[in-house]
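So in full-length UniProt numbering, spot 1 of the sequence shown is number 1, and the numbers just go up one at a time.
Quick reminder that beta carbons are idealized off the backbone N, C-alpha and C, glycines included.
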Amino acid sequence: MPFIEVLSHWVQLEGDMHHYFGADLEDPAVKARPWRWFAVRVDWLMSRDSTLRRAVRPPKEPEQNSAHGDA
């Protein structure tokens, strides 16, 4: 998954980082953390039913069965 997809959902990422990890992404102490710290947490969020994952990979909607004349 390209990180640009994740970054394009910054609001969800920011909310989930705070909710799950207590991390304020604007905090200088968090900004000083290594890239790996951030990437590991993003991977964790994408492996769960998080707000971020639902934004980046929305659940598929059930297909309508048109065989019964549904429009």
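Excluding its 5 nearest sequence neighbours in each direction, Gln-12 has C-beta neighbours in its own chain below 7 Å: Thr-51, Leu-52, Ala-55, listed in chain order.
Within a 10 Å sphere around the beta-carbon of Met-17 sit 16 or more other beta-carbons, which makes this residue buried. Going by DSSP, Lys-31 is part of the alpha helix (DSSP H) stretching over 28-31.
For the 9 Å CB-CB criterion, Val-6 and Val-42 form a contact.
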